[in-house]
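Below is one structure, written out as structure tokens, with a few remarks after it.
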Amino acid sequence: MSTTQILIAGFGGQGILFAGKFLAYKGMLDGKNVSWLPSYGPEMRGGTASCSVILSDTAVGSPIVSNPDVLIAMNLPSLDRYEDSVVPGGTIYVDSTLIERKVRRTDVTVHYIPATRLASDNNTPTLANMIIVGKLLSVMQDFGTDSVNAALKKVVSARHADMLDINLGAMKLGAEN
Amino acid sequence: MADKVLMKGNEAIAEAAILAGCRHYFGYPITPQTEIAAYMAKRMPKIGGTFLQAESEIAAINMVYGVSSTGKRVMTSSSSPGISLKGEGISYIAGADLPALIVNVQRGGPGLGGIQPSQSDYFQATKGGAHGDFHMIVLAPSSVQEMADLTVKGFDLADAYRTPVMILADGTMGQMMEPVSLDYTPKAPVEKPWATTGTQMQREHNIVNSLFLAPDELEDMNMKRFQRYAAIEKNETLYEEYRMEDADICIVAFGIAARVSKNAINEARARGIRAGMIRPITLWPFPTAPISAATQHVHSFISVELSMGQMIEDVRLAVEGRAPVTLCNRTGGMIPSPEQVLQAIQTAAENGGAK
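Chains as they are written, first to last, in this note's numbering: chain A, 1306 to 1482; chain B, 368 to 722.
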């Protein structure tokens, strides 16, 4: 019996909600109970975005993630705001291209991924989000499973089928870094 | 069994409405329910339905009034301030004994308030909704699946009892995504001999109207309507009991507040406190009987709400002074945390039902 509470936060346009949707779909296809809740307040209009994703073996109660097991911080304001809320023993993924400082907490595991630079070097500047997701899946030893492909097909619209391999490539890049 | 898909609560309402045979949607955009209108704008033209963005909420509800009088399934949706604008039309629809589905994805108030989730339209929804002697059936979904299921049920209830039905959701329910299965077998359409569909020179005119100047006639209409309400109260009350078998402490909560409360109840149980929940699914009719029955073994009730305490009045009416009823709440768009609810449970456990 386990529940993983994930909080993804960054600027609008970084694909925060998309990354969350992918993880939620993957969880659902893996047979878990899932929920996905975006921020939709005025802060969204100011340029920041976040979403709560819960993956659980039991029914999901509150869909609101206040104390994440996993935090993905894709910009400095997000790390500043949510670092202290991560549960002790939790994991923080940091886009180290955009966040120059180190995580201050000493009771969490931290992965620094230069995701924005990797994305740009890979000619997929909009996929820093999926690079970090790839890293997350490799850390959770959950990369390369069938549900990764199946979940991608659910979130990438048929019109953009060419984006499937590009997203997979970005995730692979993250997994290897 | 249809495949499960991830959908926002707002989208689930829209798709379920279409599956329930609704082909007419009138609305005006307002956060946090705009996805309903957006979904309808995309889908309705493809299936021969009507999507119309009205010039105002008042116009939209009166378009609902018009279509409903022809016997077609019809709906509108809005959020709190917009629902207030629809009040007059809702009263007319109730007064003319017409079915309609009205969705309120609540946000903080009063006034324009904010755009974050709230349950502070409970009084408005359950105590009538506008002027005059009437009720709406009020359905309170607590998951995306229920957003869909209760939409379908709402249309059926509206037709069966010739009454407006309100889905009372909140910003969280509208915005969140969960897996949902949209697997409905459509029921045979209800006969609507009262509908204004043209006489074809074959019958008397049908008149749809809420104006009755003769007081004895209006009294008679109201009495007949309340006979239907009595049947609704008897047959249609819905609720969920969660870990209530041996509960000492009973939370009463609906919608997002019930989701948060489940976390707190599980944590309280892990600490040896026997907590449970009665979750109203119909807010009108309110599940008075199970709450009253629970006083046999429950020593304390807690009403968990995203308001300054509105449903708590109905809980107290059901408990009839046999146990203390306390409030655990946030307001203005804030949501109680599981820790806050757990604290309220612990306080109730320590007091042990002392009044």
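Where a beta carbon is used, it is the ideal one built from N, C-alpha and C, also for glycine.
Looking at chain B, is there any beta carbon in it that lies within less than 9 Å of the beta carbon of residue i?
{"i": "tyrosine 1417 of chain A", "result": "no"}
{"i": "proline 1368 of chain A", "result": "yes"}
{"i": "glycine 1346 of chain A", "result": "yes"}
{"i": "leucine 1342 of chain A", "result": "yes"}
{"i": "tyrosine 1330 of chain A", "result": "yes"}
{"i": "asparagine 1338 of chain A", "result": "yes"}
{"i": "lysine 1459 of chain A", "result": "yes"}
{"i": "methionine 1333 of chain A", "result": "yes"}
{"i": "alanine 1364 of chain A", "result": "yes"}
{"i": "serine 1307 of chain A", "result": "no"}
{"i": "serine 1425 of chain A", "result": "no"}
{"i": "serine 1371 of chain A", "result": "yes"}
{"i": "lysine 1440 of chain A", "result": "no"}
{"i": "lysine 1407 of chain A", "result": "no"}
{"i": "asparagine 1472 of chain A", "result": "no"}
Looking at the C-beta of residue i, does it have a partner C-beta in chain A at a distance below 9 Å?
{"i": "leucine 373 of chain B", "result": "yes"}
{"i": "lysine 629 of chain B", "result": "yes"}
{"i": "glycine 643 of chain B", "result": "no"}
{"i": "proline 396 of chain B", "result": "no"}
{"i": "glutamate 378 of chain B", "result": "no"}
{"i": "arginine 626 of chain B", "result": "yes"}
{"i": "methionine 430 of chain B", "result": "no"}
{"i": "glutamate 687 of chain B", "result": "no"}
{"i": "methionine 368 of chain B", "result": "Bear in mind that a pLDDT of 45 at methionine 368 of chain B, under 50, signals an unreliable position, so the number given afterwards is only what the model happens to contain. Not one chain A Cβ lies under 9 Å of methionine 368 of chain B."}
{"i": "methionine 543 of chain B", "result": "yes"}
{"i": "serine 704 of chain B", "result": "yes"}
{"i": "glutamine 710 of chain B", "result": "no"}
{"i": "isoleucine 789 of chain B", "result": "No information on residue 789 of chain B is available, as it lies outside the stretch 368 to 722 that chain B covers here."}
{"i": "threonine 539 of chain B", "result": "yes"}
{"i": "glutamine 483 of chain B", "result": "yes"}
{"i": "proline 556 of chain B", "result": "no"}
{"i": "asparagine 749 of chain B", "result": "What is shown of chain B runs 368 to 722, which leaves residue 749 of chain B out entirely."}
{"i": "proline 546 of chain B", "result": "yes"}
{"i": "proline 399 of chain B", "result": "yes"}
For the beta strand (DSSP E) holding residue i, just list the boundary residues, first then last.
{"i": "isoleucine 469 of chain B", "result": "467–473"}
{"i": "aspartate 587 of chain B", "result": "Note, aspartate 587 of chain B: premise wrong, no beta strand (DSSP E); alpha helix (DSSP H) at 582–602."}
{"i": "aspartate 1400 of chain A", "result": "1396–1400"}
{"i": "isoleucine 425 of chain B", "result": "No beta strand (DSSP E) contains isoleucine 425 of chain B, which is instead part of the alpha helix (DSSP H) from 424–436."}
{"i": "arginine 646 of chain B", "result": "642–647"}
{"i": "glutamine 420 of chain B", "result": "417–420"}
{"i": "valine 671 of chain B", "result": "667–672"}
{"i": "threonine 693 of chain B", "result": "692–696"}
{"i": "glycine 394 of chain B", "result": "391–394"}
{"i": "leucine 535 of chain B", "result": "531–537"}
Can you name, in chain order, every residue of its own chain whose Cβ lies under 8 Å from the Cβ of residue i, other than the five neighbours on each side?
{"i": "methionine 368 of chain B", "result": "Because methionine 368 of chain B sits at a pLDDT of 45, beneath the cut-off of 50, its placement in the model cannot be relied upon, and the point is left open."}
{"i": "cysteine 617 of chain B", "result": "Met611, Ala642, Gly643, Met644, Ile645, Ile658, Ala661, Val665, Ser667, Phe668 and Ile669"}
{"i": "threonine 1353 of chain A", "result": "Ala1314, Gly1315, Phe1316, Gly1317, Ser1344, Asn1380, Pro1382 and Ser1383"}
{"i": "isoleucine 1418 of chain A", "result": "Tyr1398, Val1399, Asp1400, Ser1401, Ile1436, Ile1437, Lys1440, Gly1479 and Asn1482"}
{"i": "methionine 543 of chain B", "result": "Lys375, Gly376 and Val511"}
{"i": "tyrosine 606 of chain B", "result": "Ile645, Arg646, Pro647, Ile648, Thr649, Pro654 and Pro657"}
Who are the Cβ neighbours of residue i in its own chain at under 6 Å, not counting the five residues just before and after it?
{"i": "threonine 493 of chain B", "result": "Val505, Leu650 and Trp651"}
{"i": "isoleucine 1313 of chain A", "result": "Ile1321, Ala1324, Gly1325, Cys1356 and Ile1377"}
{"i": "tryptophan 561 of chain B", "result": "Asn573"}
{"i": "arginine 1386 of chain A", "result": "none"}
{"i": "valine 1358 of chain A", "result": "Ile1311, Gly1325, Leu1328, Ala1329 and Trp1341"}
{"i": "alanine 384 of chain B", "result": "Met442 and Thr518"}
{"i": "arginine 440 of chain B", "result": "Gly388, Cys389 and Phe522"}
{"i": "asparagine 589 of chain B", "result": "Asp500"}
Hey, could you find the ends of the alpha helix (DSSP H) residue i is sitting in?
{"i": "alanine 562 of chain B", "result": "Per DSSP, alanine 562 of chain B belongs to no alpha helix (DSSP H) and is neither H nor E."}
{"i": "isoleucine 741 of chain B", "result": "One cannot answer for residue 741 of chain B here, as it falls past the ends of chain B, which runs 368 to 722."}
{"i": "aspartate 681 of chain B", "result": "679–686"}
{"i": "serine 444 of chain B", "result": "It is not in any alpha helix (DSSP H) - serine 444 of chain B instead sits in the beta strand (DSSP E) that spans 441–445."}
{"i": "alanine 1480 of chain A", "result": "1468–1481"}
{"i": "alanine 1463 of chain A", "result": "No alpha helix (DSSP H) holds alanine 1463 of chain A; DSSP gives it neither H nor E."}
{"i": "isoleucine 403 of chain B", "result": "401–410"}
Sorted by chain position, which residues of the same chain lie with C-beta nearer than 7 Å to residue i's C-beta, five sequence neighbours on each side aside?
{"i": "leucine 585 of chain B", "result": "Phe579"}
{"i": "serine 577 of chain B", "result": "Tyr459, Gly462 and Ala463"}
{"i": "alanine 1456 of chain A", "result": "Phe1327, Tyr1330, Lys1331 and Leu1334"}
Query raised in the report: Between the segment 440–454 of chain B and the segment 464–478 of chain B, do three or more beta carbon pairs fall short of 8 Å?
Result: yes
Query - Inside the segment 478–510 of chain B only - beta strand (DSSP E) runs reaching at least 3 residues - result: 504–506
Query raised in the report: Curious, which full-length beta strand (DSSP E) runs of at least 3 residues does the segment 1313–1392 of chain A contain?
Result: 1338–1343, 1353–1361 and 1375–1378
Requested in this report: Determine, using beta-carbon pairs with one atom in the segment 494–509 of chain B and one in the segment 457–468 of chain B, whether at least three such pairs fall under 8 Å.
Outcome: yes
Query - beta strand (DSSP E) runs wholly inside the segment 1397–1456 of chain A, at least 3 long, in chain order - result: 1414–1418
Query raised in the report: Using 8 Å as the threshold, is the segment 626–637 of chain B in touch with the segment 585–603 of chain B, meaning 3 or more CB pairs across them?
Result: no
Query raised in the report: Is it true that the segment 1324–1342 of chain A meets the segment 551–558 of chain B, where meeting means three or more beta-carbon pairs spaced less than 8 Å apart?
Result: no
Requested in this report: Count the CB pairs spanning the segment 708–717 of chain B and the segment 633–640 of chain B that are closer than 8 Å, and state whether there are at least three.
Outcome: yes
Requested in this report: May I ask you to verify whether the segment 1451–1470 of chain A touches the segment 389–409 of chain B, counting CB pairs closer than 8 Å and requiring at least 3?
Outcome: no
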